[in-house]
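In our numbering, the protein residues as written are -8 to 252. Below you'll find the structure, written out as structure tokens, and then a few comments.
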């Protein structure tokens, strides 16, 4: 916990069990990773600590903790020692989720460049992009999209990145998502559109922005997004649903109970 590497070595020389768990089901390596203690982490690994061990309660790995705190050097050490990059916790959230929702841009970039799955979904059907949008982490949103995040992915309740950003009043995030081709006419499970959610939550500036969007520019962006999306699905042999239908009015275009079924 306190990062005393020399003391860790001393205790280990007297046969201290480095894999002993706390009441929370965490091992020493979990605490070292969570608190960003690089030297202690390396010592524990040298002594045989498992870089992929999970906590008893939430099934979080050392990499998950390091990613949630944005400890870039710890992440680098763990990956170098073959930490599995997409091991998820009990909620289905991988380290990329943890880094994305907390806005740790460097950590997100490290995970993506090392092969983290950008479109994995947790138990609620949410993706890293959805969490980043929900919390208004614009730099992370841009980075995830750059690495191929599906901008129209939805949760089990039909909430897309755009819908949740509107609900939270994240104006800059909404502008970014629409600029990248997000469909402003998508609706959630209850048939609510982005402009309705923004209005209901009292996000007046955001509602005005959505109301004043040029229809032609929206259609062009959605068509570009659809073309790219369709091409990817053609290569994978999947059917191609339309994203751009009904874009002349603020109406429900995509309502889904579960995006993974």
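No residue lacks a Cβ here, since even glycine has one placed at the ideal position from N, Cα and C.
The C-beta separation of residue 168 from residue 156 comes to about 6 Å, placing the pair in contact by the 8 Å criterion. Shortest Cα-Cα distance from residue 60 to any of 30, 94 and 179 involves 94. Counting only residues of its own chain and dropping the five nearest sequence neighbours on each side, residue 200 has a CB closer than 8 Å to the CB of 162, 165 and 166. When beta bridges are read from the DSSP output, residue 145 appears opposite 151. Residues 69, 74 and 86 of the same chain have their beta carbon placed closer than 6 Å to that of residue 54, with the five preceding and five following residues left out of the count. Assignment of residue 168 by DSSP, reduced to helix, strand and coil, places it in the helix class.
Secondary structure note for residue 202: its alpha helix (DSSP H) is the uninterrupted segment 195 to 202. Cβ-Cβ distances below 7 Å link residue 65 to 24, 27, 29, 32 and 57 in the same chain, with the five nearest sequence neighbours on each side left out; the list follows chain order. Judged by DSSP secondary structure, residue 68 falls within the alpha helix (DSSP H) whose first and last residues are 63 to 71. In this structure, the CA atom of residue 144 is about 43 Å from the CA atom of residue 38.
The C-beta separation of residue 121 from residue 152 comes to about 5 Å, placing the pair in contact by the 8 Å criterion. Taking all protein chains in view, the Cβ of residue 193 is surrounded by fewer than 16 other Cβ atoms within 10 Å, so the residue is classified as exposed.
DSSP places residue 187 in the uninterrupted alpha helix (DSSP H) bounded by 185 to 191. Closest in alpha carbon position to residue 81, among 148, 45 and 146, is 45. Under a 10 Å Cβ-count criterion, residue 196 is classified as exposed, with fewer than 16 other Cβ atoms of the shown protein chains found around its own Cβ. Each of 101, 76 and 84 was checked against the Cα of residue 134, and the nearest Cα belongs to 101. A direct Cα-Cα distance of roughly 20 Å separates residue 90 from residue 17. Secondary structure at residue 76: coil, using DSSP grouped into helix, strand and coil.
Taking residue 198 as the centre and dropping the five residues before and after it, the same chain places the C-beta of 186, 189 and 190 closer than 8 Å to its C-beta, in chain order.
At the C-beta level, residue 179 and residue 160 stay beyond 9 Å of one another.
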